[in-house]
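In full-length UniProt numbering, the protein residues as written are 1 to 1122. For every residue, glycine included, the Cβ atom is placed at its ideal position computed from N, Cα and C. What follows is a short report on a single structure.
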């Protein structure tokens, strides 16, 4: 942090108005500081207050993200009995202290207490600390490394010395320059005993003090929780506190407790649980404080593990009935207290219980996985709606479930019956196929360029206007903060802002194309295809009635999707079902629901009656309970489809009885395919498709149902409702609750985000699978997903893919080293006795520990991220062993490598568990022969290369490099030249090798371009200075110093005689003027000798040429980056 940065902070009046942007300061233990003999303010006495920077609402500063910006709590939130007196005193004092530092302390920045946060934070904070804190109060919630402490103590002593009149302080710049660099990695957490003061403050009578102390302890994690729990009855006491904010803080602290037993005991305590309920009831206003408490309880249950399945906290859960009017509070309670409908744990199955726990969306917790029948797993995964090319968001889901399936099959040895559907008729397919046909017809109509240009201009301009109008309307909406729409709003606004940007970009491209004299009609059609298609469909969509158009469209993208799955290495499903092949079964399914009174016909369509369904003893919805109080417009639109009369969700009364009712059968209009039914011509609704096909193949009970997390509601909740109504209800309006669970485990894969938003077709922020595979290998994409939690959102970015590439390279290198060791140091050739000094026992223990951790991770909800970390630990340990051990044992190394190979094969990363390496290559005798041939070839190339180097034969050296980088790469052979002149070989995927070589070449080109760009920047700077010098030199020497604002008279040579005020110029000033004039005369003479004005124009042209070259180089770099 330099002086300029410091001054920027000081000069920014708004720098400290955003508490959420607080950067925590260095944490220090001040107990070693000698506080004796320092002055006091007398009247300004501090209250008992535990302090921590950046915690008090409204006051925390936004400081530079610099660990040396120490702002002890006194500069933020120390209360005093006379706040204004303290503020005035501190301001006056600090103004004196920092008089030489050009830093102003602004009194109007003080609120409630004092907010001394000036740029010279180290000095200012210490000054305040000196006067107002006792030793105990000068403690933070954690301790820093010794280097930071030493720096702080040095600053403190400088301040103290100044205050006592012993020294003069350095300037801020000098002070900062003298500070040593900090290492903040090794942070020593406090012990339970060291937190005794903070725990004492928890028992303080002041509400704010208790809250702040609990927050401090919360930052200490489990240690902080244990510090409170060791005080008998204290945690129960604060959980039962009358102040809601104290209960919230206590809940958050409890959430960091690593002991589930302790947490369960507290939450089930007959005295504690009612107090939580009372805290909710006492909260005013309800939508603010009660929701905070609910959010705190969310954290407790989620951080503390599987509590919902282990404890009964109905005394708190009953509170949801009180808050029916506040959807936000109810939803938070649903989430945090596990108010999900009862989940029926599968019956005991010793054969199928492998110790695996999975995150089940039906409970939102991890639960033991127990299949229904032995070691057979019946699994259904929602397949694609084949209306367009599959993108990486789809790959996220299907690769995730392929990995889970492989683990179930190859690790746990289950027999997985895997069903995937293909939705080959749907609103999206109808619209996409219809629009494609209309654009085809438009293109083949041979319209004039003027008409095409006019039509495209109209739809482009209309698109811009509509995008802006919708964004304005969305921002103007006054949405109830307690509604479910309120949660959606920020995301929807961000999405609409992206669409506005896309509309503006398209208009710019249209304008550029319009200005091109070579543009033809097809260029405009290609540019505006989507907008043109929408416009044409509005006018002529109803004229497209040929079913074959819709079928052909679906078959095209179904084929493309299956090819993409094959390219990604995804195993084929056991059975694949298309909805168009199950329409008769759909009709029969719906007829049953109508007969039971759970579905009704309306205007040729059939809807599921969600309210009647609940009277049959069922719960709706199960996966997102809070949605039962009303789906949002966006959810209804997504669930009903773009062609539905109820798609907007706003006007549902015309056909539906209740807002959450959904279509089972859709009456077809003109321009839509149809099938005959008792209710007239129509087609299946979206949700009914999966229920019917899954029931036909897998029956009434399914072990696992998978899909993307965006399908929870309404799609999967609606699937559950119609399926359980079909299988488990009767016409009398009752159900067998003991056996009414259609799916035992719902697994939902996290979204794939790009630039913070979900990747989707509607946002046009997607990358197709085929586009991705042009830049990355299928293995790299799979590794990218393995390195993340499967049920959490991830970002598709350069960083995530780079991490995957690095991991792939690391595994490849590891296997190559192992194979080289096995080739060069077979067991028969070296001593095999295990010895401590050879690290044999140590490495074996490390391998065993990591293998156990891999198993534990896989059993913990398929935690491939942790499993990959542990495999990497094995790689690190074995690599170190091969380097450091004087006698590495090949059998031990081989066993470790085979285990890594086995696990990577299970994950789908490696091809063959029996052959080391990510790509299996040749096997058996063929492999042995190839190994000998490649070893002999590599040896011959080494000798040839050495001879060429000795003779400085560049042609031969170039041929050796081309052989290594091109010929052998095409054959899938990696040759690596070592520093000692030897080389090693390995068999790898040719495509991956090519891309690696191309990437290296591209990197070299980028570096070369960057080097050239820097040269041009230097030339531009130098030439600009040169132009400035010679332009100035053109001035006649007599006129050079004729500055009337500075001087009053001059001699014949142009030298000044008097200043502007008439006073005679001093000797020193005249001497300086003579010096300047001499230099100017010299430059003037030289520029005239070079050609005068003509020469300056030549320099200016050279500058412009260099600037143009630099602009071109910069544009090329920016284009490449984009």
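Taking residue i as part of the alpha helix (DSSP H), name the residues at either end of that continuous run.
i            : result
residue 427  : 427-443
residue 1004 : 990-1033
residue 639  : 633-640
residue 1038 : 1037-1040
residue 566  : 547-567
residue 984  : Unbroken run through residue 984 is the beta strand (DSSP E), 983-987; no alpha helix (DSSP H).
residue 878  : 864-884
Could you tell me the alpha carbon to alpha carbon distance between residue i and residue j, rounded to whole angstroms?
i            : j            : result
residue 114  : residue 224  : Note that residue 114 has pLDDT 29, beneath the 50 cutoff, so the model's placement of it is unreliable and no number is given.
residue 1049 : residue 1066 : 13 Å
residue 950  : residue 965  : 22 Å
residue 474  : residue 486  : 11 Å
residue 799  : residue 978  : 29 Å
residue 1061 : residue 1044 : 10 Å
residue 620  : residue 417  : 28 Å
residue 220  : residue 193  : 13 Å
residue 1046 : residue 1034 : 21 Å
residue 460  : residue 503  : 8 Å
residue 455  : residue 532  : 8 Å
residue 1074 : residue 1029 : 18 Å
residue 817  : residue 367  : 41 Å
residue 770  : residue 453  : 32 Å
residue 749  : residue 572  : 19 Å
residue 866  : residue 879  : 20 Å
residue 886  : residue 838  : 6 Å
residue 511  : residue 445  : 24 Å
residue 724  : residue 385  : 24 Å
residue 1041 : residue 1077 : 8 Å
residue 298  : residue 245  : Residue placement at residue 298 is poorly supported in this model, since its pLDDT is 48, which falls under 50; the coordinates still yield a value, given next. Cα-Cα distance, rounded: 15 Å.
How far does the beta strand (DSSP E) with residue i in it extend, from its first residue to its last?
i            : result
residue 1049 : 1047-1050
residue 1092 : No beta strand (DSSP E) holds residue 1092; DSSP gives it neither H nor E.
residue 540  : Note, residue 540: premise wrong, no beta strand (DSSP E); alpha helix (DSSP H) at 529-540.
residue 577  : 575-578
residue 1056 : 1056-1059
Can you name, in chain order, every residue of its own chain whose Cβ lies under 6 Å from the Cβ of residue i, other than the five neighbours on each side?
i            : result
residue 670  : 542
residue 1107 : 1020
residue 702  : 378, 380, 743
residue 753  : 793, 795
residue 835  : none
residue 986  : 816, 974
Which residues in the same chain as residue i place their Cβ atom closer than 7 Å to its Cβ, once the five residues preceding and following it in sequence are excluded?
i            : result
residue 1081 : 1037
residue 994  : 969
residue 550  : 425, 429, 430, 433, 673
residue 230  : 192
residue 1113 : 1009, 1012, 1013, 1016
Output needed for residue i: all residues of its chain with C-beta closer than 8 Å, excluding positions within five of it in sequence on either side, in chain order.
i            : result
residue 496  : 467, 470, 471, 474
residue 1070 : 1055, 1056
residue 698  : 378, 380, 417, 419
residue 642  : 427, 428, 431
At a Cβ threshold of 7 Å, is residue i touching chain C?
i           : result
residue 759 : Absence of chain C from the displayed structure is noted, only one protein chain being present.
> Counting only runs that start and end within the segment 770-820, where is the alpha helix (DSSP H) found for 4 or more residues in a row?
Replying inline: 778-786
>> Counting beta carbon pairs with one atom in the segment 436-456 and one in the segment 526-539, are three or more of them shorter than 8 Å?
In response: yes
> Touching or not, the segment 408-424 and the segment 595-614, by the rule of three or more beta carbon pairs under 8 Å?
Replying inline: no
>> Pairs of beta-carbons, one from the segment 820-835 and one from the segment 786-795, closer than 8 Å: are there three or more?
In response: no
> Enumerated in chain order, which unbroken segments of the alpha helix (DSSP H) with a length of 4 residues or greater are wholly contained in the segment 652-723?
Replying inline: 686-698
> Which ranges would you report for the alpha helix (DSSP H) in the segment 582-630 if only whole runs of at least 4 residues count?
Replying inline: 583-595, 610-615
> So does the segment 708-723 actually touch the segment 606-615, counting three or more Cβ pairs closer than 8 Å?
Replying inline: yes
> Are the segment 655-665 and the segment 677-685 touching by the rule of at least three beta carbon pairs closer than 8 Å?
Replying inline: yes
> Quick check: the segment 772-780 against the segment 843-861, are there 3 or more CB pairs under 8 Å?
Replying inline: no
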